[in-house]
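K.L.:
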Amino acid sequence: MSGQSAASLRKKVVVALPTEQYLSWGRYPRTVHQHVHRPAWNDQLPGILQTAAPGSLLSYGLGRSYGDSCLNAGRELVVCRRLNRILGFDADTGMVRCESGVTLSDLIEVFLPKGWFLPVTPGTRFVTVGGAIANDVHGKNHHRAGTFGAHVRQLGLHRTHDGLVVCSPDEHPDMFQATIAGLGLTGVIAWADLQLKRVGGPWMDTGNVAFHSLQSFLDLSRESDGRFEYTVAWLDCFAGRNTRGIFFRGNHSEQRGRNSRPKWSPKLPFALPALALNRYTVKAFNSLYYHVHAADTSASLVPYDSFFYPLDSIRQWNLLYGRRGFLQYQCVIPENNLEALEEILDRIARSGMGSFLGVLKQFGSAPPAGLLSFARPGLTLALDFAMRGESTLQLLRSLDEVVRQSGGALYPAKDARMSPALFEASFPRWRSFVPFIDPAMSSSFWRRVTEIQ
Amino acid sequence: MMTITTRSSAPRIARMQKIVVLGATSGIALEIERQLAAQGRELLLVARSPQRLSELQSDLLARGARQVLTIAADLGQLQQHTQVFDFVRRSFANFDTVLLAYGSMEDQKDSEWLVDVLVDELNVNFVSAAALLTLFAADLEQRRTGCLAAITSVAGDRGRRSNYVYGSAKGALSLFLQGLRSRLHPAGVKVITIKPGPVQTPMTDHLANSARFAQPERVARRIIRALERRSPDVLYTPWFWRPVMSAVRHLPETLFKRLAF
Chain C
84 MSGQSAASLR KKVVVALPTE QYLSWGRYPR TVHQHVHRPA WNDQLPGILQ
134 TAAPGSLLSY GLGRSYGDSC LNAGRELVVC RRLNRILGFD ADTGMVRCES
184 GVTLSDLIEV FLPKGWFLPV TPGTRFVTVG GAIANDVHGK NHHRAGTFGA
234 HVRQLGLHRT HDGLVVCSPD EHPDMFQATI AGLGLTGVIA WADLQLKRVG
284 GPWMDTGNVA FHSLQSFLDL SRESDGRFEY TVAWLDCFAG RNTRGIFFRG
334 NHSEQRGRNS RPKWSPKLPF ALPALALNRY TVKAFNSLYY HVHAADTSAS
384 LVPYDSFFYP LDSIRQWNLL YGRRGFLQYQ CVIPENNLEA LEEILDRIAR
434 SGMGSFLGVL KQFGSAPPAG LLSFARPGLT LALDFAMRGE STLQLLRSLD
484 EVVRQSGGAL YPAKDARMSP ALFEASFPRW RSFVPFIDPA MSSSFWRRVT
534 EIQ
Chain D
1181 MMTITTRSSA PRIARMQKIV VLGATSGIAL EIERQLAAQG RELLLVARSP
1231 QRLSELQSDL LARGARQVLT IAADLGQLQQ HTQVFDFVRR SFANFDTVLL
1281 AYGSMEDQKD SEWLVDVLVD ELNVNFVSAA ALLTLFAADL EQRRTGCLAA
1331 ITSVAGDRGR RSNYVYGSAK GALSLFLQGL RSRLHPAGVK VITIKPGPVQ
1381 TPMTDHLANS ARFAQPERVA RRIIRALERR SPDVLYTPWF WRPVMSAVRH
1431 LPETLFKRLA F
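For the protein sequence lines, the chains are C and D, in the order given.
Take the first sequence: its position 453, counting from 1, is numbered 536 in the numbering used here, and each next residue is one higher.
Take the second sequence: its position 199, counting from 1, is numbered 1379 in the numbering used here, and each next residue is one higher.
#1: How far does the alpha helix (DSSP H) with Pro256 of chain C in it reach, from first residue to last?
#2: Which value, in whole angstroms, describes the spacing of the CA atoms of Asp498 of chain C and Leu410 of chain C?
#3: If you follow the beta strand (DSSP E) that Thr1277 of chain D is in, where does it begin and where does it stop?
#4: For Val193 of chain C, which residues in chain A fall below 9 Å Cβ to Cβ?
#5: Alpha helix (DSSP H) containing His1261 of chain D: first to last residue?
#6: How many Å lie between Thr1185 of chain D and Met1196 of chain D at the Cα?
#7: Using 8 Å as the limit for Cβ to Cβ distance, is Leu277 of chain C near chain D?
#8: At 9 Å on the CB atoms, spell out the chain C contacts of Leu1353 of chain D, in chain order.
#9: Under 7 Å between beta-carbons, which chain C residues line up against Arg1405 of chain D? List them in chain order, please.
#10: Please state the DSSP three-state secondary structure of Ser85 of chain C.
#11: Using beta carbons (cut-off 8 Å, strictly below), is Met1182 of chain D in contact with chain C?
#12: Could you tell me whether any Cβ in chain C is nearer than 8 Å to the Cβ of Gln1231 of chain D?
#13: Enumerate in chain order the residues of its own chain whose CB-to-CB distance from Glu1397 of chain D is below 6 Å, with the five nearest sequence positions on each side excluded.
#14: For Ser1348 of chain D, return the contacting residues in chain C, with the cut-off set at a CB-CB distance below 7 Å.
#15: For a contact defined as C-beta to C-beta under 9 Å, what are the partners of Trp199 of chain C on chain D?
#16: Taking the straight line between their C-alpha atoms, what separation do you get for Pro122 of chain C and His221 of chain C?
#17: For the stretch 347-354 of chain C and the stretch 419-427 of chain C, state whether three or more C-beta atom pairs, one from each stretch, are separated by less than 8 Å.
#18: By Cβ distance, which residues of its chain are closer than 7 Å to Phe1393 of chain D, with the 5 residues on each side in sequence left out?
#19: Give me the residue from C:Met258, C:Pro202, C:Phe300 and C:His244 with the minimum Cα distance to Leu238 of chain C.
#20: The beta strand (DSSP E) that contains Thr1373 of chain D, what's its start and end?
#21: Grouping DSSP H, G and I as helix and E and B as strand, with all else coil, what is Trp529 of chain C?
#22: Measuring only the C-alpha atoms, how far is Gln1219 of chain D from Thr211 of chain C?
#23: Measure the C-alpha to C-alpha separation of Phe1356 of chain D and Val1268 of chain D and round it to an integer number of angstroms.
#24: Identify which residue in C:Ser515, C:Gly408, C:Leu505 and C:Leu318 has its Cα closest to the Cα of Gly437 of chain C.
#25: Kindly list, in the order they appear in chain D, the residues whose Cβ is closer than 9 Å to that of Gln104 of chain C.
#26: Which runs of the alpha helix (DSSP H) fall wholly inside the stretch 171-248 of chain C and span at least 4 residues, in chain order?
#27: So, using beta-carbon positions, are Gly441 of chain C and Leu466 of chain C closer together than 8 Å?
#28: For the beta strand (DSSP E) containing Thr1250 of chain D, list its first residue and its last residue.
#29: Count the other CB atoms within 10 Å of the CB of Ala1427 of chain D; is the residue buried (16 or more) or exposed (fewer)?
#30: Out of C:Leu240, C:Leu201 and C:Gly146, point me to the one whose CA is closest to Asp521 of chain C's CA.
#31: Using a Cβ-Cβ cut-off of 8 Å, state whether Ser1333 of chain D counts as contacting chain C.
#32: Starting from the beta carbon of Phe209 of chain C, find every residue of chain D whose beta carbon is closer than 7 Å, and list them in chain order.
#33: Less than 8 Å between CB atoms is the rule here; does Ser1238 of chain D satisfy it with respect to chain C?
#34: Have a look at Arg530 of chain C and Thr134 of chain C and give me their C-alpha separation to the nearest angstrom.
#35: Would you verify that the beta carbon of Pro1382 of chain D is, or is not, closer than 8 Å to some beta carbon of chain C?
#36: Taking the Cβ atom as the reference point for each residue, do Gly43 of chain C and Gly184 of chain C lie within a distance shorter than 8 Å?
Below, the structure is given as structure tokens:
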């Protein structure tokens, strides 16, 4: 444009006001970022990286990490949402190339009508492909398919000094492995090639079974793994040692059901008063939830979204937890150590600080896709805790002890407070990851758990 | 393929099947194109960067567009216009809608003392736009069909202290469209003036409060509806800008000149 000649040569660095707008899903900790870059095209990224101060940047997608792994307090974010183009699709093989800000929701919307589905999906569709790779997310089919990263065939990575690095299991395999589950620290993902999966349609054959002990959960899980592609359990975390829960399982269906779900979904407009979710209301909810599902154990045909994404139907459900936000606690415990899991549930029940979302899943034995992948053989338990200050942090620290002694690990994508020691115990290989970190990148989480500034 | 019905008793005609977007990589245009692609329309995109055009083309095809043609050109340069126009006529004959979506908003402070910045700003936002619209208008007028639309701005409704350079160019474009509408009316060619309020796009990222600006998805949806119905003549989006700007236009100048916004 002729405007380019004079005007853009003198393009000033725009100093935006520090903004609190970018939080993580748990809305804790509340951080302030110095500057937020919002590139709309991949060609803008080299410039952003090259003019950045060392350790100043972190990519940010939809902010669905729960703790501080998507935050960069006092520094800068590169928000990748506008980098959301699908760059190519092979209708014969189901291989899609997309930019890192494409959401899983986008992919479903575009490719499910063509008979393709995500190879692995977490419990929300509102995450970006870049975020799914950086956290190497898992889903209800971990026992069959492994993690998200296992289905990435190749990716383009913007690096400060190396330009665009194309990596895959064959080309720069070390960088490829470091970038999967690399917490966004190895550079900014430009695009990724993702292998989609053929499905018969948008419907799921599902069933649920009530269980009353961790052992019976494990038996159910082992028995179901061969027959069901997707398995997961909900657990009443107020029950303590009198474990009770519902085991959900399902397969993609060729059949078509009757669609009765409304397109519209309710949205929480603002943070609820902190008291709305107290031990009595949550306990009542858990009891109700258990009885409703325990009573209905018949097989049923349900739409994929109500099976995979029940919480997506309430937009901004994180506001349920009030202004102070919440913490999620997700650990994995080796299978031969059910006592540790019982101890954790017992400590939670005794504290009275349980959540209405206790989720339990048996991971499969797939080898980790990334250097810092969280998923590993064992049982993984995820729970929410409203942030109530020191009492909450104290409870979680007491759970940390059990996890550590059991030889388990905590999930960085859900964490806002684990100690450097527990991180080291969870990811003993983290030091070999350090050389792959791009000089421009850092995150609140990384500085906290490694104590490297 | 999709047919749009009109409310009148006129015969059903397929409207807005082939759309030319001038400034196809601008923030609002991107959203419009994506929504049109999902509806299976045909698009011809004009923008500066061949690389960006090719990324955009892949995306729109994957999302369902029936056809996506692209041509790289700097529309701010008048001498490139005929080449673009010839390409459109040759490769995309019988296009029925033209949307002009580009604009430039430099920091006004620069154009207050650098005349070349001022002139560039006026050239891009008004002169080049008027020149392009004139080319396309002649073609549609001759075929006695179609719709011309251009994105101007609420900033063109009154000259403000902080943004009068951009505002005057957009205001001039709005006046130009007004006259063009009247000229093309007998030929049955529709001219739509689109006046968005501030929208969350790369053009406005540097402005304070940009987080409170309108979502481009919503603005795009409204613009597409106006293009399909070929109504109203002047679209304010979001809607509340119409009463707001009406009030702003009626403030007495003695008062208005004292307002620091």
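Idealized CB from N, CA, C, for every residue including glycine.
P.N.:
Result, derived from the coordinates:
#1: For this step, residue 256 of chain C is matched to residue 173 along the first sequence. Its alpha helix (DSSP H) spans residues Pro256 to Thr262.
#2: Counting from 1 along the first sequence, the entry for residue 498 of chain C is found at position 415. Counting from 1 along the first sequence, the entry for residue 410 of chain C is found at position 327. In this model, Asp498 of chain C and Leu410 of chain C are separated by some 7 Å (Cα to Cα).
#3: Start at 1 with the first residue of the second sequence, and residue 1277 of chain D comes out as number 97. Thr1277 of chain D -> beta strand (DSSP E) spans Thr1277 to Leu1280.
#4: You won't find chain A in this structure, because its protein chains are C and D.
#5: The sequence position of residue 1261 of chain D within the second sequence is 81, counting from 1. His1261 to Ser1271 is the span of the alpha helix (DSSP H), which, as asked, contains His1261 of chain D.
#6: Taking the first residue of the second sequence as 1, we reach residue 1185 of chain D at position 5. Taking the first residue of the second sequence as 1, we reach residue 1196 of chain D at position 16. In this predicted model, Thr1185 of chain D has a pLDDT of only 40, less than 50, meaning its place in the structure is not dependable; the value taken from the coordinates is given anyway. About 11 Å.
#7: To locate residue 277 of chain C, count along the first sequence from 1; it is residue 194. No, Leu277 of chain C does not count as interfacial toward chain D.
#8: On the second sequence, residue 1353 of chain D is found 173 positions in, with the first residue counted as 1. Going along chain C, no residue has its Cβ under 9 Å from Leu1353 of chain D, so there is no contact; the nearest lies around 15 Å.
#9: Taking the first residue of the second sequence as 1, we reach residue 1405 of chain D at position 225. For Arg1405 of chain D, none of the residues of chain C pass the 7 Å Cβ criterion, the least Cβ distance being about 18 Å.
#10: Taking the first sequence and counting its residues from 1, one reaches residue 85 of chain C at position 2. Confidence at Ser85 of chain C is low in this model, with a pLDDT of 39, below 50, so the placement of that residue should be treated as unreliable; the coordinate-derived value is given next. The answer is helix: DSSP assigns Ser85 of chain C an H, G or I state.
#11: Against the second sequence, residue 1182 of chain D aligns to sequence position 2. For Met1182 of chain D, the predicted structure reports a pLDDT of 40, less than 50, and the residue's modelled location is therefore unreliable. A value from the coordinates is still provided. With 8 Å as the cut-off, Met1182 of chain D does not count as an interface residue toward chain C.
#12: Counting from 1 along the second sequence, the entry for residue 1231 of chain D is found at position 51. Judged by the 8 Å Cβ criterion, Gln1231 of chain D is in contact with chain C.
#13: The residue labelled residue 1397 of chain D in the question sits at position 217 within the second sequence. Closer than 6 Å at the Cβ level, and outside the excluded window around Glu1397 of chain D, lie Glu1211.
#14: Sequence index remark: in the second sequence, residue 1348 of chain D carries index 168 (1-based). Within chain C, no residue comes near Ser1348 of chain D; the closest Cβ sits about 15 Å away, beyond 7 Å.
#15: Counting from 1 along the first sequence, the entry for residue 199 of chain C is found at position 116. Chain D residues near Trp199 of chain C: none, gap ~12 Å exceeds 9 Å.
#16: Here the question's residue 122 of chain C lines up with position 39 in the first sequence. Here the question's residue 221 of chain C lines up with position 138 in the first sequence. Approximately 28 Å between the Cα atoms of the pair.
#17: No: fewer than three Cβ pairs fall under 8 Å.
#18: In the second sequence, residue 1393 of chain D corresponds to position 213, counting from 1. The residues are Pro1378, Val1379, Gln1380 and Thr1384.
#19: Along the first sequence, one-based indexing puts residue 238 of chain C at 155. For the residues C:Met258, C:Pro202, C:Phe300 and C:His244, the minimum Cα distance to Leu238 of chain C belongs to C:Met258.
#20: Your numbering for residue 1373 of chain D matches position 193 in the second sequence. From DSSP, the beta strand (DSSP E) with Thr1373 of chain D extends over Lys1370 to Pro1376.
#21: Taking the first sequence and counting its residues from 1, one reaches residue 529 of chain C at position 446. Collapsing the DSSP output to three states places Trp529 of chain C in a helix.
#22: Here residue 1219 of chain D is taken as the residue at index 39 of the second sequence, counted from 1. Here residue 211 of chain C is taken as the residue at index 128 of the first sequence, counted from 1. Gln1219 of chain D and Thr211 of chain C have their alpha carbons spaced roughly 24 Å apart.
#23: Counted from its first residue, the second sequence places residue 1356 of chain D at position 176. Counted from its first residue, the second sequence places residue 1268 of chain D at position 88. Rounded to the nearest angstrom, the two C-alpha atoms are 23 Å apart.
#24: Sequence index remark: in the first sequence, residue 437 of chain C carries index 354 (1-based). Out of C:Ser515, C:Gly408, C:Leu505 and C:Leu318, C:Leu318 has the C-alpha closest to the C-alpha of Gly437 of chain C.
#25: Taking the first residue of the first sequence as position 1, residue 104 of chain C is located at position 21. What Gln104 of chain C touches in chain D: Ala1391.
#26: For the stretch 171-248 of chain C, whole alpha helix (DSSP H) runs of length 4 or above, ordered along the chain, are 187-194, 212-217 and 225-228.
#27: Here residue 441 of chain C is taken as the residue at index 358 of the first sequence, counted from 1. Here residue 466 of chain C is taken as the residue at index 383 of the first sequence, counted from 1. Pairing Gly441 of chain C with Leu466 of chain C gives a Cβ-Cβ distance under 8 Å.
#28: Counted from its first residue, the second sequence places residue 1250 of chain D at position 70. Gln1247 to Ala1252 is the span of the beta strand (DSSP E), which, as asked, contains Thr1250 of chain D.
#29: For the purposes of this step, residue 1427 of chain D is taken as residue 247 along the second sequence, with counting starting at 1. Exposed: under 16 other Cβ atoms inside 10 Å.
#30: Looking up residue 521 of chain C in the first sequence gives position 438. It is C:Leu240 whose Cα lies nearest to the Cα of Asp521 of chain C.
#31: The sequence position of residue 1333 of chain D within the second sequence is 153, counting from 1. Answer no: the Cβ-Cβ gap between Ser1333 of chain D and chain C never drops below 8 Å.
#32: Mapped onto the first sequence, residue 209 of chain C falls at position 126. At a beta-carbon threshold of 7 Å, none of the residues of chain D lie near Phe209 of chain C; the nearest stands roughly 15 Å away.
#33: The count along the second sequence starts at 1 and reaches residue 1238 of chain D at position 58. True, the Cβ-Cβ gap to chain C drops below 8 Å.
#34: For this step, residue 530 of chain C is matched to residue 447 along the first sequence. For this step, residue 134 of chain C is matched to residue 51 along the first sequence. In a straight line, the C-alpha of Arg530 of chain C is about 21 Å away from that of Thr134 of chain C.
#35: Taking the first residue of the second sequence as 1, we reach residue 1382 of chain D at position 202. Chain C contact via Cβ: present.
#36: No statement about residue 43 of chain C is possible, as the shown extent of chain C runs from 84 to 536 and does not include it.
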